[in-house]
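Below is one structure; the comments refer to it alone.
Written out as structure tokens, the structure reads:
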């Protein structure tokens, strides 16, 4: 999944009024041609808050569905139709359910990371609304 400077230039030529949002994992020349350098979560927030209505997305194209769903009044264009991450496509809801039901794929992390992760998860659970 490589987005090139040619991809960005072609997308800008096709959609000159669009804001280019690029993921930080893209290469430096692509990042230099971007308007905004954002994580996928930051892209979602930026699009929701922006007054712009057209965006070129330089990251895995799967996020475009979510962007369109959350911002139906805006238009989102992939910087490249080749921006597909095969590893992300391996994860399906059925595989997640199966791994949880069967307690497969044990993951071990250093204790310091486990403690910090647990604190973050505990805070998330604390802010959930009561049922």
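Residue numbers (our numbering): 708 to 838.
Note that the Cβ used here is the ideal one computed from N, Cα and C, for glycine as well.
All figures in this text were calculated on a predicted structure; none of them were measured in a lab.
Since residue 768 is in the alpha helix (DSSP H), which residue starts that stretch and which ends it?
Premise fails: residue 768 is in no alpha helix (DSSP H) and is neither H nor E.
Could you tell me if residue 737 is buried or exposed, where buried requires 16 or more neighbouring beta carbons within 10 angstroms of its beta carbon?
Buried, because 16 or more other Cβ atoms sit within 10 Å of the Cβ of residue 737.
I need the boundaries of the beta strand (DSSP E) containing residue 726, first residue and last residue.
Note, residue 726: beta strand (DSSP E), 726-729.
Kindly confirm or deny that the stretch 804-815 and the stretch 769-786 touch, where touching means at least three C-beta pairs closer than 8 Å.
As far as the Cβ criterion goes, the stretch 804-815 does not touch the stretch 769-786, which means the pair count is below three.
Tell me the rounded alpha-carbon separation between residue 790 and residue 709.
If I take the Cα positions, the gap works out to 6 Å.
Assuming residue 740 and residue 715 are in contact, meaning their beta carbons sit under 8 Å apart, how far apart are those beta carbons, in whole angstroms?
Rounded, the Cβ-Cβ distance is 4 Å, consistent with contact.
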